[in-house]
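The structure under discussion appears below in the form of structure tokens.
Set out below in structure tokens:
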């Protein structure tokens with residue numbers, strides 16, 4: 001069962017703190033997940049991970065690691081949006 005804080009009292013989606021395992025490595029990383037609908041969401045990692053790419057899998061765990069809630073695949077569409085957002089942020093930083 002997913003964490004109850006993924007869903008707001010109004011039925012909308014909320015940002016939830018989770019542990020995540022990305023790719024096939026043993027490392028567990030912290031971050032947040034906010035669902036955008038019943039099949040997709042946005043993930044923010046606490047620390048940068050330079051090895052992410054579309055097609056890689058992520059598994060979502062309760063923060064203490066006691067339960068796996070599910071997983072997903074990094075999509076091309078979301079990856080392209082991430083790269084565009086990152087470029088805009090870098091341009092803003094360089095402009096100031």
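Numbering (our numbering), first residue to last: 1 to 96.
For each residue, glycine too, the CB sits at the ideal point set by N, CA and C.
Q) Between the C-alpha atoms of residue 38 and residue 12, what's the straight-line distance to the nearest angstrom? A) 11 Å
Q | Backbone secondary structure at residue 77 - three-state DSSP | A | helix
Q) What separation, rounded to the nearest whole angstrom, lies between the Cα atoms of residue 92 and residue 35? A) Low per-residue confidence applies at residue 92: pLDDT is 47, beneath 50, and the placement is therefore not dependable enough to give any value.
Q. With 16 other CB atoms within 10 Å as the buried threshold, where does residue 22 fall?
A. buried
Q. Exposed or buried, what is residue 64 when buried is set at 16 or more other beta-carbons lying within 10 Å of its beta-carbon?
A. exposed
Q) Quick one, are the C-beta atoms of residue 41 and residue 58 less than 7 Å apart? A) no
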